[in-house]
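Peer 1:
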C-alpha cells in the first residue's frame, strides 16, 4: 500500500472536499500502474538502484504529469524527510513548484532553491540547468538563464538547447548571437520550422529583409500550414515595399486561420499605408470582433474613418482608445499617446469641412503648445488647454463620390494626378507605394503648376483670408495642404510657426542609420557616401590636432570599409574615445564663401553590435533665418526669370529657371522645415514649378535613391541640380495640361479634397491618360 494514499485520506477532512475531488476522481489503480511501468523502465530523472524508492518517486512524477502539483510536492517531501539528499525527489519537487505557477514568487523561489540544490549535488546534468533557465527567464533574469543554458550546452549540446538559448538572445535583442544559436540548432536538426522562423526574425529585426524572406520560405517548406511564418513573410514583404507579395502572404495566413488577430492587424496597417482605407477598415473591424480591446486596431479604425471623412464613427473609436488608461507604472502604448492629438485634430477638421481653404490656416489656428507636443510625440499634458468644440450636428460627414459623378475634365484631372503622383515613388526597400498619397501629391503638383503660372502672369492668390502675390512658402503650402489631408495621423507642421520657447530649443529631425544591430534598410545606399565624408573630416581633425599621428590615422582609414571599422580609430584620441559628431556644411549661393550647418552625423559605441550611427537636422531659429534668406533670394530671382519666360520661350531662360527651382528646393531639403513629409512635398513643388516653366519630368527616381538624401549629401546646389537632372529626363510639357480645370476652384474645401481622395480611379486605366 502506497504512503501517498494514506497521506491524502488524512488530509481531506481538514481541507474540505474540493482538494480531494481531483485526487479521488483520478483512478488510483491507473496512477499506480503508470508509476509501476515508469519505475521499471527508470523513465524519470535521477532514478536510484532501489526498486521501492523508484516506485515511490515514480508515483510523484505521475502526479506531476496529471497536474496534481500539491500532491506531488507532499509526496516528495515525505520521501525527503527520510532521505534528505534524494536527488530525484529534490529535482521533482523543484519541477512541481515551477509548474504550480511562477506568478506566485514563492513558487519561483522554492523551485530555484530546489534546482540549485540538485546542481550542487549533481553538477554535470544539462537538464537541471535547462530547467532552472526555464524558471529564471519568465522572471526577467535573462543573463542568469543564459549562463545556465550555456553550461547545459557545454555539458551536452543539442538542437533544443541551442534553440532555447537563441530565443533568449532574441528576446534580449542580441539578434546576431541569436542567429548563431538558431543556425547551430538547425545544423543538429534540420527539420525545425520554429527555429527556422526565429532565424528569419533575427534577419528581419536587423533590417536584412531578403535573408529573412528566404528563412520564412524555408520554414514554410518544413510546415506548409505555419500561420506565423506566412504572417512574418507578409510583414517582411511589406517592409520591403512589395505590396502584392505581402497581401498574398497575409491572405494565406488568414486562409489557414481566419481569426488570426495579429495578421488582421498587420494586413489592416499595410492596407492603410497603401491608401486602401476601405479595405483596411474591414480588417480592423474583424480584428475588433475577435479582440474588442485591441488598441492598435481600435486606433487604426478611428484613423481610417477620419481620413475618409467619417468623423462621427472615427471619434467614437478614438474615444474608446482614450478610455483605456494605462495602469500605474505601466508604459502607455503609442496609440494611447497619439489618440488625443488625433481626436482634437479630427474635431478641428470636421468644423472646417465646408470653409473655403483660402480663409483659414491650420498653422495659425492650432494652439502653439498643442502643435509642439504633437510634433514631438509627447504625452498630452498641455497646461490650460481648451478642447476643440465637439462635432456640430449641422456639418454632415463626407459622402462617397462616384468617379462617374465628376465631369469628364475633372476625371481627366484625377487620372493625370494619379500618374504624376506615381512618379514620386521611391524604389527603395522600406517605401510602400501609397495610392492615396500619390493622388494627393499629384493634385498638389498640378495646383503648384497653376499657381506659379498665375504668379508669373502677375496674378494674385488668396491665402489665409488675404489676396497677395504668392511667396515661396505659399507655393510649398499648396503641397502641405494635400499631404496633410492624405494622412491625418501625421503632424505636417511648419517648425518656424511653433511657440518661441520651443523654437529657441530647436527641433531635431533624427534618423538612425544603425542602432545596435538594427540597420535602416532605407538609407543603405548612402552609408558609403557618408562614411567617405567622415573619413575626410577625421583627416582634417587629426591634421589640425594631431599632426604627428596623421600618418598612422591615414593608414588606419585606408582599412575602413564599413562603419564599425571606425571604432579603433576613435580610440586614437581621448576626445573621440566614446564617439564623435561630424557636421556637414551647405555652401551659400547668395554670399559666396559662406557656409551653413547641414546635418550632424553621430557615431557612438565601443564594439560591433553596440553602435549608434545616426544623422539629424537641428532646426533652430538662427539656422532657419539663414536658410530663409537664401530661399527668399532664389525665389525672387525665380519669379523675375519666370515672368520673362512667360513672355518669351527662349531655351536659355527655361534652363536657368530649372536650375533656380532645383537650387531653391536644395535649401528646403537641407533646412527640413516641416515636422513630417518634407521630402514628397518638396518633390511635388519641383514637379509643379518645372511644369509651370514648360518642362515635365518623365524619368522615375532611380532605384535606391532618396531625393532628400541626394540634396543633403550633395556638396552644393549645382551638384544636386546635376544629379537630379540626370534622372529627370525633362521634356516639353503636353499642351493638354493647359485645358485642365483649376484645382483651387474644383476642390475649394476640405470636403471636396477628401471626396476626391476617396474616389476610386480604376477607370483611369481604361481611359487614355493624356500625359502618356
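Numbering (my numbering), first residue to last: 54 to 825.
Note that the Cβ used here is the ideal one computed from N, Cα and C, for glycine as well.
Owing to the predicted nature of the structure, the values given are computational and were not obtained by experimental measurement.
Based on the DSSP output, what are the partners of residue 672 in its beta bridges?
Peer 2: Paired residues: 560.
Peer 1: Whose C-beta lies closer than 6 Å to the C-beta of residue 339 among residues of the same chain, with five residues either side of it excluded?
Peer 2: Contacts found: 317.
Peer 1: When the Cα of residue 577 is compared with those of 480, 212 and 543, which residue comes out closest?
Peer 2: That would be 480, whose Cα lies nearest to the Cα of residue 577.
Peer 1: According to DSSP, is residue 565 part of a helix, a strand, or is it coil?
Peer 2: DSSP places residue 565 in strand when its eight states are reduced to three.
Peer 1: Is the beta carbon of residue 637 closer than 7 Å to that of residue 651?
Peer 2: Contact flag set, yes.
Peer 1: State buried or exposed for residue 409, treating a residue as buried only when at least 16 other CB atoms are found within 10 Å of its CB.
Peer 2: Exposed, since its Cβ has fewer than 16 Cβ neighbours within 10 Å.
Peer 1: For residue 110, collect the residues of the same chain with a Cβ closer than 6 Å to its Cβ; drop the 5 residues on either side in sequence, then sort them by chain order.
Peer 2: Around residue 110: 141.
Peer 1: To the nearest whole angstrom, what separates the beta carbons of residue 470 and residue 499, a pair I think is in contact under 8 Å?
Peer 2: Yes, residue 470 and residue 499 are in contact; Cβ-Cβ is about 6 Å, under 8 Å.
Peer 1: Compare the C-alpha of residue 185 against each of 210, 786, 211 and 155 and name the closest.
Peer 2: That would be 155, whose Cα lies nearest to the Cα of residue 185.
Peer 1: On a CA-only basis, which of 305, 296 and 383 is nearest residue 270? Give me that one, please.
Peer 2: Of the listed residues, the one whose Cα sits closest to residue 270 is 305.
Peer 1: Reducing DSSP to helix, strand and coil, say where residue 102 ends up.
Peer 2: Note: residue 102 maps to coil in three-state DSSP.
Peer 1: Can you give the beta carbon distance from residue 474 to residue 502, rounded, assuming they're within the 8 Å contact cut?
Peer 2: About 14 Å separates the two Cβ atoms, so there is no contact after all.
Peer 1: For residue 87, which residues of its own chain have a beta-carbon under 6 Å away from its beta-carbon, when the five flanking residues on both sides are left out?
Peer 2: Result list for residue 87: 115, in chain order.
Peer 1: Kindly indicate which three-state DSSP category residue 656 falls into: helix, strand or coil?
Peer 2: Reduced to three states, the DSSP call for residue 656 is strand.
Peer 1: May I ask which residues mark the beginning and end of the alpha helix (DSSP H) holding residue 814?
Peer 2: Careful: residue 814 lies outside any alpha helix (DSSP H) and carries neither H nor E.
Peer 1: If I follow the unbroken alpha helix (DSSP H) through residue 86, where does it start and stop?
Peer 2: Where residue 86 is concerned, the enclosing alpha helix (DSSP H) stretches over 81–94.
Peer 1: Among 195, 782 and 434, which residue has its Cα nearest to the Cα of residue 423?
Peer 2: The candidate whose alpha carbon is nearest that of residue 423 is 434.
Peer 1: Which residue from 295, 425, 525 and 128 puts its Cα closest to that of residue 683?
Peer 2: Taking only the C-alpha atoms, the option nearest residue 683 is 525.
Peer 1: Among 580, 678 and 729, which one has its Cα closest to the Cα of residue 655?
Peer 2: Residue 580 is the option with its Cα nearest to residue 655.
Peer 1: If you draw a straight line from the alpha carbon of residue 738 to that of residue 325, how long is it in whole angstroms?
Peer 2: When rounded, the distance between both Cα atoms is 25 Å.
Peer 1: Can you list, in chain order, the residues of its chain with a C-beta nearer than 8 Å to that of residue 245? Leave out the 5 residues immediately preceding and following it.
Peer 2: 212, 216, 238, 239 and 275, listed in sequence order.
Peer 1: Give the DSSP-derived three-state secondary structure of residue 520 in the structure shown.
Peer 2: Residue 520: strand per DSSP, three-state reduction.
Peer 1: Check each candidate in 812, 81, 263 and 451 and name the one with the smallest Cα separation from residue 404.
Peer 2: When each option's Cα is compared against that of residue 404, the closest is 451.
Peer 1: Mark residue 76 as exposed unless 16 or more other C-beta atoms lie within 10 angstroms of its C-beta, in which case mark it buried.
Peer 2: With a pLDDT of 43 at residue 76, under the threshold of 50, the modelled position of that residue is not reliable, and the figure given next carries that caveat. Residue 76 comes out buried.
Peer 1: Let me know the alpha helix (DSSP H) ranges lying completely inside the stretch 696–727, each 4 residues or longer, listed in chain order.
Peer 2: DSSP runs (the alpha helix (DSSP H)) wholly in the stretch 696–727: 704–724.
Peer 1: Using 10 angstroms around the beta-carbon of residue 441, count the other beta-carbons present and answer buried if the total reaches 16, otherwise exposed.
Peer 2: Classification for residue 441: buried.
Peer 1: Of all the options 81, 82, 117 and 83, which has the alpha carbon lying nearest to the alpha carbon of residue 97?
Peer 2: Residue 97 has its Cα closest to that of 117, out of 81, 82, 117 and 83.
Peer 1: Is residue 769 near residue 621, with beta carbons less than 7 Å apart?
Peer 2: No, the Cβ-Cβ distance between residue 769 and residue 621 is not below 7 Å.
Peer 1: Are the stretch 715–729 and the stretch 758–776 in contact at 8 Å, needing three or more beta carbon pairs?
Peer 2: Short answer: they touch.
Peer 1: Spell out a yes or no on whether the stretch 380–397 and the stretch 342–352 are touching, meaning 3 or more CB-CB pairs, one atom from each, closer than 8 Å.
Peer 2: Yes: at least three Cβ pairs fall under 8 Å.
Peer 1: Can you tell me whether residue 481 is helix, strand or coil according to DSSP?
Peer 2: Note: residue 481 maps to coil in three-state DSSP.
Peer 1: Taking all protein chains shown into account, decide if residue 672 is buried (16 or more other Cβ within 10 angstroms of its Cβ) or exposed.
Peer 2: Answer is buried; the Cβ neighbour count reaches 16.
Peer 1: Can you name, in chain order, every residue of its own chain whose Cβ lies under 8 Å from the Cβ of residue 375, other than the five neighbours on each side?
Peer 2: The answer, listed in chain order, is 389, 392, 393 and 396.
Peer 1: If you follow the alpha helix (DSSP H) that residue 310 is part of, which residue opens it and which one closes it?
Peer 2: Note, residue 310: premise wrong, no alpha helix (DSSP H); not H, not E.
Peer 1: Please report the residue range of the beta strand (DSSP E) in which residue 794 lies.
Peer 2: From DSSP, residue 794 is part of no beta strand (DSSP E); its letter is neither H nor E.
Peer 1: Would you tell me roughly how many angstroms separate the C-alpha atoms of residue 251 and residue 263, rounded to the nearest one?
Peer 2: Near 15 Å, if we compare the C-alpha coordinates of residue 263 and residue 251.
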